[in-house]
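Contents: one structure, followed by commentary.
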Ligand SMILES: [Zn+2]
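In UniProt numbering, the protein residues as written are 1 to 276.
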């Protein structure tokens, strides 16, 4: 079998004690009193995750599309360079290449909407046939990869968005057919599409629908959310503040509370050993 080896998963102290690998210091996301207070009171336990060939695992990418990630690509795209989103895309590319190199299964959701079906409460975005609904340039090559399943979804929640009219679910069928035991989830937005997908997937797993799935892991650096500052939100009654790092943290916290594991670093076991 192939996939992540969960026996190698542990906290920093545990792994350092074992002398297994170099620990990469975790980058501090932001500073500021509200976020510091939130992190202190609602800490997210993050773990190191190292790949091995022992567990059948898949990478799931949630909405790495231009409409959410590429500057000036629509109503929900960043208006200026965004470090968090750039890091999310970079980690998605890095892990997608590693997974494809090993011919491990992958699943990618692409937010895609019909122009006549709005998605309340969001403005029109990712309309079918536009560049907004397509993979970011750095991931376009995934469309030609035989081990990648791409699902265009017209719903925030990728699990629900995988249902077809006949009641079948592409994602459920893929888990069952590929005998996936663990999912590693990256994408945007941490507290919206990623969180909804993770929560529904965990519920379906608990209900016995996703056999043989056992673990759902969210990679914190592989996720990002959008930024709408309190200052900007006050300029219009239509806007609701959405500080980026605060909501990223909240998304991870709720995912953790629902039963997901949160990975702070992700790598392949053999690469860590070679780097020693
Ligand atoms: Zn959408």
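Cβ atoms here follow ideal geometry from the backbone N, Cα and C, with glycine treated the same way.
- Task: Could you tell me the distance, in whole angstroms, from the CA atom of residue 86 to the CA atom of residue 137?
- Result: Going from the Cα of residue 86 to the Cα of residue 137 covers about 12 Å.
- Item | Three-state secondary structure (DSSP) of residue 207 | For residue 207, the secondary structure class from DSSP, reduced to helix, strand or coil, is coil.
- Task: Starting from residue 219, trace the beta strand (DSSP E) both ways and give me its first and last residue.
- Result: Taken as a continuous stretch (DSSP letters only), the beta strand (DSSP E) holding residue 219 covers 215 to 224.
- Message: So within the segment 35 to 77, which uninterrupted beta strand (DSSP E) runs reach at least 3 residues, ignoring any that extend past its ends?
- Response: List check, beta strand (DSSP E) in window: 46 to 52, 57 to 62.
- residue 265: first and last residue of the uninterrupted beta strand (DSSP E) it sits in: Looking at the DSSP string, the run of the beta strand (DSSP E) that includes residue 265 is 261 to 268.
- Please classify residue 136: does DSSP put it in a helix, a strand, or coil? Reduced to three states, the DSSP call for residue 136 is coil.
- Message: Closest to residue 147 by C-alpha separation, out of 174, 198, 124, 187, would be which residue?
- Response: Looking at the Cα atoms, 174 is the closest of the given residues.
- Cα-Cα separation between residue 38 and residue 166, rounded to whole angstroms: So the alpha carbons of these two residues sit roughly 44 Å apart.
- Query: Bridge partners of residue 113, per DSSP?
  - Reply: BP columns for residue 113 point to 127.
- Message: Under 5 Å, CB to any heavy atom of ligand 1. Which residues pass, going along the chain?
- Response: Having a Cβ closer than 5 Å to some heavy atom of ligand 1 are 111, 119.
- Query: Where does residue 228 fall in DSSP's three states?
  - Reply: Note: residue 228 maps to strand in three-state DSSP.
- Message: Could you check whether residue 194 and residue 135 sit closer than 8 Å to each other, using their CB atoms as the reference points?
- Response: With contacts defined by Cβ atoms closer than 8 Å, residue 135 and residue 194 do not form a contacting pair.
- Query: From residue 36 to residue 42, what does the alpha carbon distance come to, in whole angstroms?
  - Reply: When rounded, the distance between both Cα atoms is 10 Å.
- Would you give the residue range spanned by the beta strand (DSSP E) that residue 90 belongs to? Run containing residue 90: none in the beta strand (DSSP E); it sits in the alpha helix (DSSP H), 83 to 101.
- Item | residue 93 versus residue 59: straight-line alpha-carbon distance, rounded | Between the alpha carbons of residue 93 and residue 59 lies a distance of about 11 Å.
- Residue nearest to residue 84 in terms of C-alpha spacing, selected from 96, 71, 75: Closest option to residue 84, Cα to Cα, is 71.
- the segment 231 to 251 contacting the segment 176 to 186, beta-carbon criterion three pairs below 8 Å: With a cut-off of 8 Å, the segment 176 to 186 and the segment 231 to 251 do not count as touching, because too few Cβ pairs lie within range.
- Message: Measuring CB atoms only, is the segment 204 to 211 touching the segment 244 to 252, in the sense that at least three cross pairs come out at less than 8 Å?
- Response: Short answer: they don't touch.
- Task: Please name the residue or residues paired with residue 108 in a DSSP beta bridge.
- Result: 61, 150.
- May I ask you to report which of helix, strand or coil DSSP gives residue 241? Note: residue 241 maps to coil in three-state DSSP.
- Task: Kindly indicate which three-state DSSP category residue 163 falls into: helix, strand or coil?
- Result: The answer is strand: DSSP assigns residue 163 an E or B state.
- Is it a yes or a no for the segment 116 to 132 touching the segment 48 to 55, going by three-plus beta-carbon pairs under 8 Å? No contact exists between the segment 116 to 132 and the segment 48 to 55.
- When 108, 153, 248 are compared against residue 183, the one with the closest alpha-carbon: Nearest of 108, 153, 248 to residue 183, Cα basis: 108.
- Item | Pick from 124, 156, 187, 214 that is closest to residue 222, judged by C-alpha positions | When only C-alpha atoms are compared, the closest one is 187.
- If you draw a straight line from the alpha carbon of residue 218 to that of residue 156, how long is it in whole angstroms? Rounded to the nearest angstrom, the two C-alpha atoms are 17 Å apart.
- Within 10 angstroms of the Cβ of residue 192, are there 16 or more other Cβ atoms? Answer buried if so, exposed if not. Classification of residue 192: buried, given that the 10 Å Cβ count is 16 or more.
- Rounded to a whole number of angstroms, what is the C-alpha to C-alpha distance between residue 81 and residue 256? For residue 81 and residue 256, the distance between alpha carbons rounds to 29 Å.
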